[in-house]
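Input: a single structure, listed below in structure tokens.
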Amino acid sequence: MTSGTLTLEEIEEGESAEILSIDADGGKFRKFIYMGLYPGATVRVIRRGPAGNPIEVLVDDLLRIAVRKRDARMVKVRKGS
Amino acid sequence: MRVAFVGNPNTGKSTLVSSLSGRDIRVANWPGTTVESISAQVRVGEGVLHLVDLPGVYDLLDDGPDAEITLRELLENPPDAIVNVLDASHLERGLHLTLELMELGIPILLVLNMVDEARRSGVEVDSGKLEEVLGIPVVETVAVKGRGKEEVLSGILRARVPAPPVSYGEDVELALEDIASGIEHPARRWLALALLMEQERPFFPIDDSLRDVVEGWRRLLSARYGDLFLYIEGRRISVAHEISSRVVSRRKRRRAVDEWLDALLMNPVAGPVFILLFLIFSFRFAFFLSSPWVDFINTVSDVLGGWILSAGIRGIVASFLIEGVISGVGTVLSFAPVLFLFYLVLGFMEYSGIMARMAFALDTLMAAVGLPGKAFVPLVMGFGCNVPAVYATRTLESFYDRLRVALMIPFMGCSARLPVLVLFASVFFPHGPVPVVLSLYLLGMIMAFITGAILSRMLEYEAPSLFEIPPYRFPDGGRLVKTAWDRTFEFLRGAGTIIMAGVVLVWLTMHLRISGESLYSIISRGILPIFRPMGIQDWRLTGALIPGFVSKEVIIGALAVGFSDMANHLPIGFLEGIGMILDAFARAVRESMGAPGAIFGIPGFRIPPVETSLGDYLSGVLTPAGALAYMVFVLLYTPCVATVAAIKQEFGGRWALFSVLYQMSVAFILALFIYKIAVLIHG
Ligand SMILES: Nc1nc2c(ncn2[C@@H]2O[C@H](COP(=O)(O)OP(=O)(O)OP(=O)(O)O)[C@@H](O)[C@H]2O)c(=O)[nH]1
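Residue numbers (the numbering used here), protein chains in the order written: chain A, 1 to 81; chain B, 82 to 764.
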């Protein structure tokens, strides 16, 4: 199962993944949570902005959130859902 | 009975309180509107409810002043009931706070607001089931339309102290009980949790003997659970998630228009182009529509001045009334149309969902200076007028981002500086004035970005930059107008006195005489030596910079006629004055009608013919290199007094002062530098 661990940054457009963990502490961690990006959530990458930044993800089929590549690296995911 | 309204930012707390009490509480569509608690009263049957509107928070233990105000109020002055307002479209985010509030031992009512929005974007919340799961009353409302008011009032009376909603495991519960037994406060369970989370605040009602008990438990429990802060947060997160997955159902289908618009505006190539065009046209719209009204206000001031003269008032008194008081009030008021229209446009962009697309399209660009994509909007707005631009920084979430952008804004050459630059460029560079002016604007932009980059190094603030991309919605015109007016009024009230003071101060320098010489000329001559190295040798040039602090366009007037020349004010008869005002009004109406067409015109510099006397005078005292230095200095030297007032209102006096000093230094260094280079090249 851990063999499939990637970061959100590596997910291709149109692909879905499940969030496993978020490598951030305190306030940073919370910011992800407020935006619905918590461990267990399903994310689908919709599109990327100019020069690949930011990444638009659909969270749990509900919210559309833009995430910078830099921050997407903190989000550990597993492909599929 | 005191009732506190608590919830995430921008969930409609203030709107709800206003609609319940019938009292108008300032509501604006940006987070952080309520920065201190505001209260109102409402009669219910026999009793009176005191409604207290508290600042929006995500978590009572968040950093920052908002959370502190809310937490203090809840602990030091526990209300008889809490109304917890949630945005129905973001239930899970809101529930996180609800679970925390339920630990406070205060009766609580949950209000699901904005159910209209939620429904429109396909989210349905089963409030009956939510009531059952949480064990507290739940009411649905649409606060803007006043729907659900009665239910809220009766719900408040039904509210009871809830059972703790989250269980943290047997051993933690034991610890909580033990710690809580040492606290004399209704919120003892919440306080015990905060202590376990190592989140003490100076105003917690606990005594020192308790600290050892807490320390003992902390050691014991962290051996099992690791970081207790993360553990407790984590429990709340998973309970919030579980509850919301049980009560929220959603319709997946999105409207085709949304998909289509997104494909266009969020396209990596076409997106930024469309967004830029949209920004330019909407700001031009605001600008063209406001300028006839600014002219109208100026005419009214002229007429008032004329009346003063025809009433036989003369000399220093007339001058004070006309150039101090009337011109001061006129300056303040002339910002009203500009601000109002810019706010209208800003409100439209925010509310329609276009702002989020802008942030998306321009994120890469802004990331280069460590700012969120949204920061682009106030910066572009700065080209029109710096003042609304400073207020527009409120659309950014973090204080440091707001501050950084506000310090960058004065480098964006606003439209008031244009006439000055155009005048000098056409006198000294008659063969190519436009490229000269454009490169100066570019210089300003470059300085803005350098400033941003330096500040982001210094302030070293690295919050994750995440933002939501909401569905498109069509704004309700009436509400946009009201919000824009509220924001404008806030400016007039808050910044008006500072601007007045600035105008009067400048007036004083003109009229205070010290041993026969006006303060104005003393200062102008006094600062001249600093400017000599950049080829500025005439004290009238440095003098014109003083009134330029009020507004940069005044510089031309100051150079042309001498600022304190009363000759340009003529007595005006009463009827004649009325006629002029009516005329000006008719013209303003007519020109406003033409504005929508004008925005599509080519942005041209209509280079006005320069009065030959002024042109001759300028070319007599300045070389082209000196003129360039003067232009650079005028472009950058200080934010105008209204911008300073705006910065002070938003960030405090220190930062306003910093901004002035910083701009001065940059202006000075750059002007000198450019002068030297120009001299090197042209000899
Ligand atoms: N569609 C819709 N909009 C609403 C509703 N209630 C409030 N709003 C709008 O939401 C925005 C925010 O409302 P506020 O009352 O300022 O929110 P607040 O929670 O007091 O905000 P802070 O004081 O900043 O925490 C305003 O533009 C309101 O007009 C609602 O029920 N439906």
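From the three backbone atoms N, C-alpha and C, an ideal C-beta is built for every residue, glycine too.
Can you give me the Cβ contacts of residue i inside the same chain, cut-off strictly under 8 Å, excluding the 5 residues immediately before and after it?
i: Gly113 of chain B; result: Here Gly113 of chain B scores only 43 on pLDDT, less than 50, and its place in the model should not be relied on; the value that follows carries that caveat. If we look at Gly113 of chain B and ignore the five residues flanking it on each side, its Cβ neighbours are Pro90, Pro136, Gly137, Asp147 and Arg475.
i: Ile318 of chain B; result: His177
i: Val233 of chain B; result: Leu97, Leu101, Val164, Leu190, Val192, Val220 and Thr222
i: Val116 of chain B; result: Because Val116 of chain B sits at a pLDDT of 45, beneath the cut-off of 50, its placement in the model cannot be relied upon, and the point is left open.
i: Trp111 of chain B; result: Note that Trp111 of chain B scores 41 on pLDDT, short of 50, meaning its location in the model is unreliable; the coordinates nonetheless yield the value given after this. Cβ within range, chain order: Asn91, Glu431, Arg475 and Thr476.
i: Phe364 of chain B; result: Phe423, Val426, Val461, Met462, Phe464 and Gly465
i: Met1 of chain A; result: Low confidence applies here, because Met1 of chain A scores a pLDDT of 44, under 50, leaving its location unreliable; read the following figure in that light. Only Arg78 meet the Cβ criterion.
i: Phe686 of chain B; result: With a pLDDT of only 49 at Phe686 of chain B, under the threshold of 50, the placement of this residue in the model should not be trusted; the figure read from the coordinates follows. Hits under 8 Å: Leu499, Val503, Pro514, Val515 and Val518.
i: Val741 of chain B; result: Thr719, Pro720 and Val725
i: Ala309 of chain B; result: Strictly speaking, residue 309 of chain B in this sequence is Leu, with Ala absent from that position. Same-chain partners within the cutoff: Leu277, Met278, Glu279, Arg299, Leu302 and Ser303.
i: Val471 of chain B; result: Pro459, Ala487, Ile490, Thr724, Ala727, Ile728 and Glu731
Between residue i and ligand 1, is the CB less than 6 Å from at least one heavy atom?
i: Asp197 of chain B; result: yes
i: Val223 of chain B; result: yes
i: Pro90 of chain B; result: yes
i: Thr96 of chain B; result: yes
i: Gly137 of chain B; result: yes
i: Phe638 of chain B; result: The displayed chain sequence assigns Gly, not Phe, to residue 638 of chain B. Incorrect: Gly638 of chain B has no Cβ contact closer than 6 Å to ligand 1.
i: Tyr227 of chain B; result: The question names Tyr, but residue 227 of chain B is Gly in the sequence shown. No.
i: Asn165 of chain B; result: no
i: Gly203 of chain B; result: no
i: Gly558 of chain B; result: no
i: Gly103 of chain B; result: no
i: Gly93 of chain B; result: yes
i: Asn194 of chain B; result: yes
Along chain B, in chain order, which residues have C-beta atoms closer than 7 Å to that of residue i?
i: Asp71 of chain A; result: Pro545, Ser546 and Leu547
Kindly list the residues whose CB is nearer than 6 Å to the CB of residue i, restricted to its own chain and excluding five residues on each side of it in sequence; keep chain order.
i: Pro628 of chain B; result: Val587, Val635, Ala639 and Phe644
i: Phe505 of chain B; result: Ala708 and Met712
i: Ser769 of chain B; result: Lying outside 82 to 764, the shown extent of chain B, residue 769 of chain B is not represented and no answer is given.
i: Gly203 of chain B; result: Arg331 and Arg332
Since residue i meets chain B, which of its residues come closer than 8 Å, beta carbon to beta carbon?
i: Lys76 of chain A; result: Those within 8 Å of Lys76 of chain A in chain B number zero; the least Cβ separation is about 14 Å.
Identify the contact partners of residue i in chain A, using a Cβ-Cβ distance below 7 Å as the criterion.
i: Glu173 of chain B; result: Gly36
i: Met169 of chain B; result: Note that residue 169 of chain B is Ala in the sequence shown, not Met. Within chain A, no residue comes near Ala169 of chain B; the closest Cβ sits about 12 Å away, beyond 7 Å.
i: Ala448 of chain B; result: Asn53 and Arg68
Below 8 Å on C-beta distance, what does residue i contact in chain A?
i: Phe423 of chain B; result: Per Cβ cutoff of 8 Å: no residues; Phe423 of chain B is ~25 Å from chain A at best.
i: Val650 of chain B; result: Residue 650 of chain B is actually His in this sequence, not Val. Here the premise fails: no neighbours, minimum Cβ distance about 54 Å.
i: Phe441 of chain B; result: Gly49, Pro54, Glu56 and Ala66
i: Ala85 of chain B; result: Result: empty, since nearest Cβ-Cβ is about 22 Å, beyond 8 Å.
i: Ile324 of chain B; result: What Ile324 of chain B touches in chain A: nothing, since even the nearest Cβ is about 13 Å away.
i: Ile767 of chain B; result: Not covered by the structure: residue 767 of chain B. The range shown for chain B is 82 to 764.
i: Ile550 of chain B; result: Glu56, Arg64, Ile65 and Ala66
Which same chain residues end up closer than 7 Å to residue i when comparing Cβ atoms and leaving out the 5 residues on each side of it in sequence?
i: Ser408 of chain B; result: Ser382 and Val584
i: Asp646 of chain B; result: Low confidence applies to Asp646 of chain B: its pLDDT is 48, below 50, so where it sits in the model is not reliable, and the reading given next is rough at best. Result list for Asp646 of chain B: empty, nothing under 7 Å.
i: Ala576 of chain B; result: Ala723, Ala726, Ala727 and Gln730
i: Phe377 of chain B; result: Ala665, Phe666 and Ala669
i: Ile397 of chain B; result: His592
i: Ala399 of chain B; result: Ile389 and Leu390
i: Val59 of chain A; result: Gly36, Leu37, Ala41, Val43 and Ile65
i: Gly696 of chain B; result: Val508
i: Gln744 of chain B; result: Pro491, Leu717, Tyr718, Thr719 and Pro720
Interface residues of chain B around residue i at Cβ under 9 Å?
i: Ala24 of chain A; result: Pro545
i: Lys79 of chain A; result: None at all; the shortest Cβ gap to chain B is about 21 Å.
Answer with yes or no whether the minimum CB distance from residue i to chain C is below 7 Å.
i: Thr445 of chain B; result: Reference to chain C is not applicable here, since the protein chains of this structure are A and B.
Cβ-based contacts, 9 Å cut-off: residues of the stretch 330 to 357 of chain B near chain A
Arg331, Lys333, Asp343, Ala344, Met347, Asn348, Pro349, Val350, Gly352 and Pro353
Using a beta-carbon distance cut-off of less than 9 Å, what residues from the stretch 39 to 59 of chain A approach chain B?
Pro39, Gly40, Ala41, Ile46, Arg47, Arg48, Gly49, Pro50, Ala51, Gly52, Asn53, Pro54 and Glu56
Closer than 9 Å between beta carbons: that is the criterion. Which residues of the stretch 134 to 165 of chain B meet it against chain A?
Tyr139, Asp140, Asp143 and Asp144
What are the residues in the stretch 296 to 314 of chain B lying within 8 Å of chain A by C-beta distance?
Phe310, Leu311 and Glu314
Could you name the residues of the stretch 7 to 21 of chain A whose beta carbon sits closer than 9 Å to any beta carbon of chain B, in the order they occur along the chain?
none
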